[in-house]
Structures are given as C-alpha cells and as structure tokens.
Amino acid sequence: MTTEDSKPASDFIRDIVRQDLLTNKYDGRVHTRFPPEPNAYLHIGHAKAIWISFSIAEEFNGLYNLRFDDTNPVKEEQEYIDAIIRDIRWLGWDWGDRLYYASDYFEQMYEYAEQLIRAGKAYVDELSAEEIRDYRGTLTEPGRLSPYRERPLEENLALFRRMRAGEFPDGSRVLRAKIDMTSPNLNMRDPVMYRILHASHPRTGDKWCIYPMYDWAHGLEDSIEGITHSLCSLEFEDHRPLYDWFLDELGIYHPQQIEFARTNLTYTMTSKRRLLRMVREGLVSGWDDPRMPTLCGLRRRGYTPETIRTFCQRTGVAKTNSTVDIAFLEHCLREDLNQRAQRVMGVLRPLRMVIDNYPEGQVEEFDAVNNPENPAAGTRKVPFSRVLYIEQDDFLEEAPPKYFRLTPGSEVRLRYAYFVTCTGVVKDKSGEVIEVHCTYDPATRGGDAPDGRRVKSTLHWVSAEHAIEAEVRLYDHLFNKEDPADVEDGKDFKDYINPDSLEVLTSCRVEPSLAGATPGSRYQFERQGYFCVDPDSSSGKLVFNRIVTLRDTWAKIQKQQKND
RNA sequence: UGGGGAGUCGUCUAGUGGUAGGACAGCGGACUCUGGAUCCGUAAGCGAAGGUUCAAAUCCUUCCUCCCCAGCCA
8 MTTEDSKPAS DFIRDIVRQD LLTNKYDGRV HTRFPPEPNA YLHIGHAKAI
58 WISFSIAEEF NGLYNLRFDD TNPVKEEQEY IDAIIRDIRW LGWDWGDRLY
108 YASDYFEQMY EYAEQLIRAG KAYVDELSAE EIRDYRGTLT EPGRLSPYRE
158 RPLEENLALF RRMRAGEFPD GSRVLRAKID MTSPNLNMRD PVMYRILHAS
208 HPRTGDKWCI YPMYDWAHGL EDSIEGITHS LCSLEFEDHR PLYDWFLDEL
258 GIYHPQQIEF ARTNLTYTMT SKRRLLRMVR EGLVSGWDDP RMPTLCGLRR
308 RGYTPETIRT FCQRTGVAKT NSTVDIAFLE HCLREDLNQR AQRVMGVLRP
358 LRMVIDNYPE GQVEEFDAVN NPENPAAGTR KVPFSRVLYI EQDDFLEEAP
408 PKYFRLTPGS EVRLRYAYFV TCTGVVKDKS GEVIEVHCTY DPATRGGDAP
458 DGRRVKSTLH WVSAEHAIEA EVRLYDHLFN KEDPADVEDG KDFKDYINPD
508 SLEVLTSCRV EPSLAGATPG SRYQFERQGY FCVDPDSSSG KLVFNRIVTL
558 RDTWAKIQKQ QKND
C-alpha cells in the first residue's frame, strides 16, 4: 500500500480483539468473515465492511473467509457471485482457499433444526404469513401464541421432514423457534427458521425446497467455520440475542457478534434496491457505470484499490452513524493519483492557436517530465509546431480580475515550449472566437526567459498536426442532493439525479505519446485532472473517463466572483 | 407510549478524571514551468441541565435529539 497510513488503526473492535487475545478467549485465534448475499453488486459501503473484517484478521495474524450467504434463491444469482469475487480480489484481498457458501451447510443446518425440534425448541407453524404478522403483536403490545405451538415433538419432526420432502406448497408452513411471544425484542417472538421456497438455487439447484432464514443460518455458518469475531452492521444489534440463543440452545461453538456503523457518503446512494433500480431502469449504463458507487463502477472510473483502502482506514470504525463528505474520498484519490499518475497534455475543448512568427513546417520536440513526484518516471518527447490547440478556457477576450491566462496582448508560457503573446483573434459569424494568433519569443525556448521576465500562467497545448483525437467523458456526482436517500414526500430518489453527471466530449486532442494507451491506465492531464482509459476504447479511438478534477483554485475564484 | 443503539469543530475521528488533538471541507498567505503538488497560518466542537471532585468530554442523575426493529429479506 503506497498511500496507506503507517500507524495501525485502532478502534473499539480492535480493542475487543486485543482483549480477547489477552484472555485467550479463542485460543489466541482471530478469524473473521465477510458474508455477502449474492443479490447485487458490491459498493463502497461494502468495501468498508470488508476492510473492517479482513484488515483486523490480517493485523492480528488471523484468517478471514469470504462466505456467500446464499440462503434466498429467489434473489440470488451466479452473476453476482462472480462479480463479488472479482471486486474483492481487485481490492487486494486474498482469502486463500477459504471461499465458502452457506448453501454448503444446508444439510448440517437441517440436522441442527431437527435437534432443536427434538429439544422442544422449534415447531412447525401453519399460520399464514399474514396471520404470523398479526400474531406477532406490535412494538408496544405483546404477541400471541400460535395455535400450532404445542404440537407433539414427533408431529413437528414428521411435518418438518415432509416440508423438506416437498409435500407442501410455498407459504403453507414454516419452522419456528419457540422462544417468547411477549419479548420486547420482536426478533425473539418465535422467529421463523425455515420457509418453503420451491425455487432453484444457483448452487444447489432443486435439491432443497426449504431454505433457512438469516437469523437461523448466520450463527451456524459462523460456528461451523470457527469464526471468532462476527462483525456486522448496526441494524443487527437487535438480532444478537437471537444469534446467541440458537448457538446456546444447540450447545455448539459460539463466536461473538459485534456491530459497527456503516459508512455513508454524501451525494451517494448505496441502497442495493435503488442501485438495482437505476440499472434496471437504464438511469445508468450498468452496474459498472463510472458514476456508480459500486466497486466495479469505481474501478472503471479509475479509482485505485489503494485509494479505497486508505479511505476505509482513515474514516475509522465506530458505532455512530456517519456520512463522510465525498470530498474526503476525493482527497484520498488525488493524493494517491498525484503520486502515481503519469502527466500528459490533453486539450478537452480545443481552440486553434497559430504562432504567426513560427516557421511553417518546422517541428521541434520538447522534453516533458512524466511525473514531478517521481523523478524515476523520466521524461518523454512532445512535438511542437506552428499550429496548436489550447484549451478554450485558457483564452478570454475580456479578462476578469485575477484571470492570468491568455488574453489579447498578454504573454503566457506554453508548457515546456515557449512564451507566446496574443496578437489577435479570428471570429466566426456569430462572434465566437475560433482562432487565436500569437507570436513566440525564440529566446524562451524550453520555457524560460533569459532576461528573467516572468509570466503569470502556463498553458498546456498539443500540436494540431501531431495530436490524436479522443473522446473524454466528464463525470460529476450522480446526485445533486447531499443525502439522496432522504426522499421527501411525493418525490422519488430519481428526482435527485444530477442531470449534468455525465458530459461527453468527442473532439478532444491529446498528445501523441498516448497512442496505444491501454484500458485502465491512468494519467494526469496537466492542469485538468486525472483520467483513465475506458474499455470502450478501440485501436482507432481512445476514450477517457475523468476520474476526478485537480483542485481548482481558479474555479473557486470564479464562483466567488459570480456570487459577488 | 416497547426494546436496542448513538450523541466531541460544517464532516469524519482521537480522548478512557488532569492544557479538547488530527484529517477533510472553509478562510488567508508563501512557493511554483500544472491556478496541480508542497509549505505556513487561521477560524470552528464536548446535545442540555444538575450533581460528585482540587479537577469532568470522561463518573452519577434527569432531560433532549437522532438511528434501528412489527419480512416466510439479509
């Protein structure tokens, strides 16, 4: 990790683990797991959960498992399994041979269920889903006992076996734990352990028609794998008594569940349901749309795994609900990319510049630094000629205060090349400037004036004759509301989608050294931002995604001037 | 109005009876062949009220606010 902080993270979970190690609670073992349900793609929030579980195991010389919690075949698909594996690998985690599936434990879980029935702690209920809900009571009123609650053990056993055998239709019966219908914790009011689902499972096919519920399955999975610290998010706090109850009643190995707060990001939506909707309704191009907070989206956008891991570490672990400013993620990104990205010149919105006193047909090559943060990255040659392209933003006929770029009569530096002075412009019929004319000072070759005169600005440029065309996709936040999940009455989260989150520029010009750049490679276009070659690129046409802009103090000044 | 959690600068986070610190964002400045990077400076916080104590973010009491739970989802 090049950018990860050197000091080890410390938080309340690490404190607990340290304490457990001290008291030898699990024979000195630390073993965690990340248990995704394969019903969607992973997003930045999952990256945090993965980081918490995996980095803790790593730090304490423990082990970590990747385990698919595939207990609901109605929603789960192989596509998601494959994507999740790919994404976690990309983040840089290696679980060795410890890739598991809850479905591999179905038989064992079934046996445990029979054990509980024989112990008089579970029963087959024939109430309908609606009735069960009704019998459960409310937050303030206790529930009522199901009329099927006191069946003889043998009858429960027989019925449960027939459930497994497929003798009953979906929804007709469930297996319930017999706990306490008056518990103030609703999860303890005889929770459902198994439901009948005649659905084909991505891994077990049609072998099963009863599937375990989360609360019943999860502790068993942890127990079977010998997990020591089962880390999950806050909403499962209420479920912990149930997690404990099942394991205690069964008398089997008992890991401890510890809950932490999820990490949210401003201007970002991480609800699986809504992300799925955006994909299905075509609001984005897919799970890997570079605007998506999914790991594959961030990857395609150009984020590095190191950035994400650093971000996870620096935002910390706590039990307080938190929403981190996305600017912090972007800060981690820039910090990382600044160190590693090769510099290059690219003009997004080309404006033709003619240097009138530069010899026609002449071409010079200038040495350009590949990465000022890393001298070992060396230099490259950039061709220069009489006709160039500069950025439209870098010329203004009437310059506002503090505008240091090119303006009639002003002198600026063309990066690595010469000082040029603007002598005039050419306009089209509508009065739009379509060409600027300059003269250059041959004495400033390389970019420095021997007489010591200074310019206030340095512009990037490309030689018109040598530049290659490219498409550049400019991204902005997908939502224009700080908390898009906070949907006001009568609105839909779609109302908060930023209509300007994507701008496609098709006639950009980049320096010739970029020819042959491969998808996934990242560059800094000087003065503009970081860009990543998109897989949509073909041999004849480069497509870049803007990962993030450079910090832009001029944009800030402009904003202030606009407000004044 | 049941139960479970959480409240420290705008945001995230340290602190565990002894000077409330860091980071991002903000503001100001230096430097600069990227208005980048870097560097320096600056403003800003213990949810409230009582109590214990020489001393409280920290311990006690009461209150307030926010989040989660009534799936045969996870």
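Adding 7 to a residue's 1-based position in the first sequence gives its number in my numbering.
The beta carbon of each residue, even a glycine, is placed where N, CA and C say it ideally should be.
Since this is a predicted model, take the numbers as computed values, not measurements.
{"Check": "Beta carbon of V550 nearer than 9 Å to that of S470", "Outcome": "no"}
{"Check": "Close Cβ partners of T9 (< 8 Å) along its chain, the five nearest in sequence each way excluded", "Outcome": "Low per-residue confidence applies at T9: pLDDT is 32, beneath 50, and the placement is therefore not dependable, though the value from the model is reported in the following sentence. E313, D343, Q346 and R347."}
{"Check": "N79 burial status per 10 Å Cβ neighbour count (16 or more: buried)", "Outcome": "buried"}
{"Check": "Exposed unless 16 or more other CB atoms sit within 10 angstroms - verdict on K55", "Outcome": "buried"}
{"Check": "Close beta carbons around Q115, own chain, < 8 Å, minus the five adjacent residues each side", "Outcome": "L227 and I231"}
{"Check": "For A375, the three-state DSSP class (helix, strand or coil)", "Outcome": "strand"}
{"Check": "Residue from A47, I51, D34 and N46 with nearest C-alpha to T317", "Outcome": "I51"}
{"Check": "From D111, P491 and P209, residue whose alpha carbon lies closest to that of K501", "Outcome": "P491"}
{"Check": "Nonlocal neighbours in the same chain, by C-beta distance under 7 Å from P506, ignoring five residues either side", "Outcome": "none"}
{"Check": "Bridge-paired residues (DSSP) for G431", "Outcome": "H444"}
{"Check": "For G536, three-class secondary structure by DSSP", "Outcome": "strand"}
{"Check": "Same chain, Cβ closer than 7 Å to V494, five either side skipped, listed in chain order", "Outcome": "F500"}
{"Check": "Contact set for E44: own chain, Cβ-Cβ below 6 Å, skip 5 residues either direction", "Outcome": "D76"}
{"Check": "Stretch-stretch touch, CB-based, cutoff 8 Å, three pairs: the region 419–431 with the region 451–471", "Outcome": "yes"}
{"Check": "Presumed contact (8 Å Cβ cut-off) between V131 and R158, rounded CB distance", "Outcome": "7 Å"}
{"Check": "Beta-carbon proximity of H38 to Y71, cut-off 9 Å", "Outcome": "yes"}
{"Check": "For C539, the nearest candidate out of E533, N552 and G547 (CA to CA)", "Outcome": "N552"}
{"Check": "Length-filtered (3 minimum) beta strand (DSSP E) runs lying within the region 116–203", "Outcome": "129–132, 181–184 and 199–203"}
{"Check": "Alpha carbon of C216 to alpha carbon of F167, nearest angstrom", "Outcome": "12 Å"}
{"Check": "Three-way DSSP call (helix, strand, coil) for N79 in this model", "Outcome": "coil"}
{"Check": "Stretch pair the region 141–157 + the region 269–284: three plus CB contacts closer than 8 Å", "Outcome": "no"}
{"Check": "Buried or exposed (CB count within 10 angstroms, at least 16 for buried), D12", "Outcome": "Note that D12 has pLDDT 48, beneath the 50 cutoff, so the model's placement of it is unreliable and no number is given."}
{"Check": "Alpha carbon of C303 to alpha carbon of P526, nearest angstrom", "Outcome": "14 Å"}
{"Check": "Per DSSP, the bridge partner or partners of S329", "Outcome": "T270"}
{"Check": "Three-pair Cβ contact test at 8 Å for the region 180–195 versus the region 248–262", "Outcome": "yes"}
{"Check": "Selection from W294, G293, D296 and M276 that minimises the alpha carbon distance to T330", "Outcome": "M276"}
{"Check": "Whole-Å CB distance - P297 paired with R287, under 8 Å assumed", "Outcome": "Not really, about 18 Å apart at Cβ, beyond 8 Å."}
{"Check": "Assigned secondary structure, C339 (DSSP; H/G/I helix, E/B strand, else coil)", "Outcome": "helix"}
{"Check": "Inter-residue CB distance, E587 and L164 (contact presumed, cutoff 8 Å)", "Outcome": "Since the first residue shown for the chain is 8 and the last is 571, residue 587 is missing from the structure and cannot be characterised."}
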